[in-house]
Amino acid sequence: MRKKTKIITLRISDLDYVEIEAAAQELGVSISEYIREKSVPKYILL
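Have a look at this one:
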């Protein structure tokens, strides 16, 4: 089985981007990893 890759584009203001970048650097992770960890699914698929 091949792992499917999803590409999601987020519109983020410059200010939010700077804050996210700083938080990600503090934790030593990439911005995409930080967003993935912090994002909460809107729907739970059963």
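Okay, so the sequence shown: first residue is 182 according to my numbering, each after it adds one.
Every residue, glycine too, gets a C-beta built ideally from N, C-alpha and C.
N- and C-terminal bounds of the alpha helix (DSSP H) containing Lys219: 212-219
DSSP state of Leu191 mapped onto helix, strand, coil: coil
Beta carbon of Glu202 nearer than 7 Å to that of Ile212: yes
8 Å contact criterion, which Ala205 and Tyr198 should meet: CB distance rounded: The Cβ separation is near 10 Å, so there is no contact.
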